[in-house]
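Asks: Protein chains in written order, with the working numbering: chain A, 1 to 112; chain B, 113 to 224; chain C, 225 to 336; chain D, 337 to 448.
For each residue, glycine too, the CB sits at the ideal point set by N, CA and C.
Protein chains: 4
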Amino acid sequence: MSEIEQIYTALTSFRDQRNWKQFHNAKDLALALSIEAAELNELFLWKSKDEINNVDAEKVGEELADILAFAFLIAEKYNFDIKEIMLNKIQKNAIKYPVEKSKDKADKYTDL
Amino acid sequence: MSEIEQIYTALTSFRDQRNWKQFHNAKDLALALSIEAAELNELFLWKSKDEINNVDAEKVGEELADILAFAFLIAEKYNFDIKEIMLNKIQKNAIKYPVEKSKDKADKYTDL
Amino acid sequence: MSEIEQIYTALTSFRDQRNWKQFHNAKDLALALSIEAAELNELFLWKSKDEINNVDAEKVGEELADILAFAFLIAEKYNFDIKEIMLNKIQKNAIKYPVEKSKDKADKYTDL
Amino acid sequence: MSEIEQIYTALTSFRDQRNWKQFHNAKDLALALSIEAAELNELFLWKSKDEINNVDAEKVGEELADILAFAFLIAEKYNFDIKEIMLNKIQKNAIKYPVEKSKDKADKYTDL
């Protein structure tokens with residue numbers, strides 16, 4: 001079983017033991033993901049460039065894991081293959097951000 | 113190479129060709145993730161339960177891929193093992209949400 | 225003193241007693257606002273159309289007040305007149321969303 | 337008519353001309369607000385402390401106005417008095433953040 005399959009097994013087993021699929025429509029899963037994203041951001045709030053390095057890595061890992069969990073549950077809902085959608089999007093972004101135009105620049109593609 | 117390793121290879125190659133690591137501090141990566149999460153949420157905005165099913169799955173996949181990309185880049189920055197942090201957090205959540213108390217309930221653990 | 229001026233007086237007095245202006249750069253104020261927005265959203269998470277009506281109005285008011293506080297602090301930082309920027313944006317949105325095209329529709333202006 | 341009343345008049349007139357009240361349940365209004373908050377945050381993404389000062393103030397004002405618009409529409413929905421909920425919350429926060437403990441510190445009240 002691949003690592004991604006192992007993650008899915010743990011996630012869906014956690015969910016199904018609690019019978020939570022009934023709550024997991026795509027809109028609320030996406031909302032839950034963005035709430036977890038805010039909790040991750042809160043770890044860095046008001047922190048200067050140097051202070052960011054002192055943020056507790058364990059807490060970062062926990063908030064990130066919650067975000068990933070909802071991302072995987074959305075992927076499962078849509079029968080997405082995680083690797084496939086990511087590689088496809090990276091290819092698409094490579095066209096939006098050509099190396100020669102975007103190198104060393106943090107501009108949005110609409111401003112390149 | 114595992115699927116997760118293949119994703120990392122594509123992601124970091126995309127990033128390094130553009131020399132973007134200089135912008136990728138943890139605080140801005142987390143902020144970027146939450147902005148992508150908002151773009152995913154926007155697909156469902158104002159939509160009723162039935163209308164959610166008509167949302168373009170391809171667009172959902174693309175926004176989800178952007179979220180996952182930033183999640184993986186944060187994991188890479190902290191040298192996290194994606195599977196490990198996810199399985200650990202699922203275990204922790206299993207304690208916060210005991211089956212007997214949380215079954216069929218969408219309440220936050222603080223309200224159980 | 226107008227109501228808006230009274231709000232500013234209370235807000236800046238709260239801030240200055242704690243000497244917090246040093247932390248209040250525009251980027252972190254905007255981040256703080258979005259974290260408070262997530263806390264408001266959390267009150268409605270997993271809730272159906274009917275259940276939304278049972279959400280504690282007092283809690284909604286408190287989260288909304290935190291959002292407004294950061295919005296006012298950003299406005300103060302930029303010397304914006306709240307009424308002026310809002311009326312200007314409503315005018316601009318009226319052009320993006322002409323009545324005849326947008327009536328009874330929740331579509332984004334780019335999809336009208 | 338107070339400034340806040342003038343804002344409400346412009347906002348509800350904009351909304352009612354388009355017959356949009358039908359879409360404005362509290363959950364989607366809160367979601368819309370957080371999406372606008374992400375658009376404000378995007379203006380500052382990847383920007384260093386110095387670069388923040390070069391962000392276009394007009395754009396900041398427009399995104400902030402959109403956030404405020406949804407905040408006012410939520411307040412209207414709940415019949416909140418903007419000044420009242422803000423002054424009440426400032427008082428509550430003053431207790432959570434006593435001056436002597438929180439002066440010159442950006443810590444969350446749970447960490448003071």
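Would you say B:Asn205 lies against chain A (beta-carbon separation less than 8 angstroms)?
Replies: Against the second sequence, residue 205 of chain B aligns to sequence position 93. It does; some Cβ of chain A falls within 8 angstroms.
Asks: Which runs of the alpha helix (DSSP H) spanning at least 4 residues fall entirely within the region 266-326 of chain C, listed in chain order?
Replies: Runs of the alpha helix (DSSP H) inside the region 266-326 of chain C: 281-301, 306-320 and 323-326.
Asks: So the alpha helix (DSSP H) D:Arg354 belongs to, where does it begin and stop?
Replies: Walking along the fourth sequence from the start, residue 354 of chain D turns up at place 18. It is not in any alpha helix (DSSP H) - D:Arg354 carries neither H nor E in the DSSP assignment.
Asks: Tell me the rounded alpha-carbon separation between B:Lys208 and B:Ser214.
Replies: Translated into the one-based positions of the second sequence, residue 208 of chain B becomes position 96. Translated into the one-based positions of the second sequence, residue 214 of chain B becomes position 102. Going by the C-alpha atoms only, they are around 9 angstroms apart.
Asks: Would you identify the three-state DSSP class for A:Ser34, choosing helix, strand or coil?
Replies: Translated into positions along the first sequence, residue 34 of chain A becomes position 34. In this structure, A:Ser34 counts as helix in the three-state DSSP scheme.
Asks: Report yes or no: is there a C-beta of chain B within less than 8 angstroms of the C-beta of D:Ile371?
Replies: The count along the fourth sequence starts at 1 and reaches residue 371 of chain D at position 35. Yes, D:Ile371 counts as interfacial toward chain B.
Asks: Just verifying my parser: in three-state terms, what is the DSSP assignment at B:Lys139?
Replies: Counting from one through the second sequence, the residue named residue 139 of chain B turns up at place 27. In the structure shown, B:Lys139 sits in a helix (DSSP, three-state: H, G or I).
Asks: What residues from chain C crowd round B:Ala218, counting only those whose CB sits closer than 7 angstroms?
Replies: Counting from one through the second sequence, the residue named residue 218 of chain B turns up at place 106. The contacting residues are Trp270.
Asks: Counting only the same chain and skipping the five closest in sequence on each side, list residues whose C-beta sits under 7 angstroms from that of D:Ala373.
Replies: In the fourth sequence, the residue the question calls residue 373 of chain D occupies position 37. Answer for D:Ala373: Ile403, listed in chain order.
Asks: Along chain D, in chain order, which residues have C-beta atoms closer than 8 angstroms to that of A:Leu31?
Replies: Counting from one through the first sequence, the residue named residue 31 of chain A turns up at place 31. In chain order: Leu367.
Asks: Report the residue from B:Gln134, B:Asn137, B:Ala144 and B:Ile119 whose alpha carbon sits nearest the alpha carbon of A:Lys108.
Replies: Stepping through the first sequence from its first residue, residue 108 of chain A is reached at position 108. Of B:Gln134, B:Asn137, B:Ala144 and B:Ile119, the residue nearest in Cα terms is B:Ala144.
Asks: Mind checking D:Leu400: buried by the 16 CB within 10 Å criterion, or exposed?
Replies: The residue given as residue 400 of chain D occupies position 64 in the fourth sequence. The residue in question, D:Leu400, is buried, as its Cβ has 16 or more Cβ neighbours within 10 Å.
Asks: Just to confirm, are C:Met225 and D:Ile343 a CB contact at a threshold of 8 angstroms?
Replies: Mapped onto the third sequence, residue 225 of chain C falls at position 1. Mapped onto the fourth sequence, residue 343 of chain D falls at position 7. Contact: no.
Asks: Just to confirm, is the Cβ distance from D:Ala396 to D:Leu376 under 8 angstroms?
Replies: Within the fourth sequence, residue 396 of chain D is the residue found at index 60, counting from 1. Within the fourth sequence, residue 376 of chain D is the residue found at index 40, counting from 1. The amino acid occupying residue 396 of chain D in the given sequence is Val; Ala does not appear at that position. Result yes, Cβ atoms of D:Val396 and D:Leu376 sit closer than 8 angstroms.
Asks: Listing by chain order, which chain C residues have their CB less than 8 angstroms from the CB of D:Asn361?
Replies: For the purposes of this step, residue 361 of chain D is identified with residue 25 of the fourth sequence, where counting begins at 1. Chain C residues near D:Asn361: Lys273 and Ile276.
Asks: Please list the partners that A:Glu100 has in chain C, where partner means a Cβ-to-Cβ separation under 7 angstroms.
Replies: As a first step, residue 100 of chain A must be located in the first sequence, where it is residue number 100. Those do not exist, as A:Glu100 stays about 29 angstroms from chain C at its closest Cβ, beyond 7 angstroms.
Asks: From the DSSP output, in three-state form, read off C:Ala330 for me.
Replies: As a first step, residue 330 of chain C must be located in the third sequence, where it is residue number 106. Coil.
Asks: For D:Asp440, tell me which candidate among C:Asn278, C:Ala234, C:Asp240 and C:Ile314 has the shortest Cα-Cα distance.
Replies: Start at 1 with the first residue of the fourth sequence, and residue 440 of chain D comes out as number 104. The candidate whose alpha carbon is nearest that of D:Asp440 is C:Asp240.
Asks: In three-state DSSP terms, what is D:Leu376?
Replies: Position 40 of the fourth sequence, counted from the start, is the residue given in the question as residue 376 of chain D. It is helical.
Asks: On the criterion of 16 or more Cβ atoms from any shown chain inside 10 Å, does C:Leu336 qualify as buried, or is it exposed?
Replies: Reading the third sequence from its first residue, position 112 is the one you call residue 336 of chain C. Under this definition C:Leu336 is an exposed residue.
Asks: Compare the C-beta of A:Leu86 with all C-beta atoms of chain B and state if any pair is closer than 8 angstroms.
Replies: Translated into positions along the first sequence, residue 86 of chain A becomes position 86. Looking at the sequence itself, residue 86 of chain A is Met, so the reference to Leu does not match. Yes, A:Met86 counts as interfacial toward chain B.
Asks: Helix, strand or coil for A:Leu11, going by three-state DSSP, please let me know.
Replies: Within the first sequence, the letter at position 11 stands for residue 11 of chain A. A:Leu11: helix per DSSP, three-state reduction.
Asks: Apart from the five residues on each side of it in sequence, which residues of its chain come closer than 7 angstroms, Cβ to Cβ, to A:Lys27?
Replies: For this step, residue 27 of chain A is matched to residue 27 along the first sequence. Once the five neighbours on either side are set aside, A:Lys27 has no close Cβ partner at all.
Asks: Can you tell me the Cα-Cα spacing of B:Thr124 and B:Leu185, whole angstroms?
Replies: To locate residue 124 of chain B, count along the second sequence from 1; it is residue 12. To locate residue 185 of chain B, count along the second sequence from 1; it is residue 73. Those two C-alpha atoms are separated by around 8 angstroms.
Asks: Using CA atoms only, rank isn't needed, just tell me which of B:Ala142, B:Ile164 and B:Lys161 is closest to A:Leu43.
Replies: Numbered from 1 along the first sequence, position 43 holds the residue referred to as residue 43 of chain A. With distances taken between Cα atoms, A:Leu43 lies closest to B:Ala142.
Asks: Would you mind working out which of C:Asn277, C:Val323 and C:Tyr302 sits nearest D:Ile388, comparing C-alpha positions?
Replies: Start at 1 with the first residue of the fourth sequence, and residue 388 of chain D comes out as number 52. Out of C:Asn277, C:Val323 and C:Tyr302, C:Tyr302 has the C-alpha closest to the C-alpha of D:Ile388.
Asks: Assuming C:Glu227 contacts D:Lys419 under a Cβ cut-off of 8 angstroms, what Cβ separation, rounded to an integer in Å, is found between them?
Replies: As a first step, residue 227 of chain C is located in the third sequence; it is residue number 3 there, counting from the start. As a first step, residue 419 of chain D is located in the fourth sequence; it is residue number 83 there, counting from the start. So it is a contact: roughly 5 angstroms between Cβ atoms.
Asks: Would you say D:Asp402 lies against chain B (beta-carbon separation less than 8 angstroms)?
Replies: On the fourth sequence, residue 402 of chain D is found 66 positions in, with the first residue counted as 1. Not an interface residue.
Asks: Just the C-alpha distance for B:Asp193 and B:Ala122, rounded to the nearest angstrom, thanks.
Replies: Residue numbering aside, residue 193 of chain B sits at position 81 when the second sequence is read from its first letter. Residue numbering aside, residue 122 of chain B sits at position 10 when the second sequence is read from its first letter. For B:Asp193 and B:Ala122, the distance between alpha carbons rounds to 17 angstroms.
Asks: For D:Tyr433 and chain C, any beta-carbon pair shorter than 8 angstroms?
Replies: Walking along the fourth sequence from the start, residue 433 of chain D turns up at place 97. Closer than 8 angstroms to some Cβ of chain C, the Cβ of D:Tyr433 qualifies, so yes.
Asks: Would you report the Cα separation of A:Lys92 and D:Lys383, rounded to the nearest angstrom?
Replies: The count along the first sequence starts at 1 and reaches residue 92 of chain A at position 92. The count along the fourth sequence starts at 1 and reaches residue 383 of chain D at position 47. So the alpha carbons of these two residues sit roughly 24 angstroms apart.
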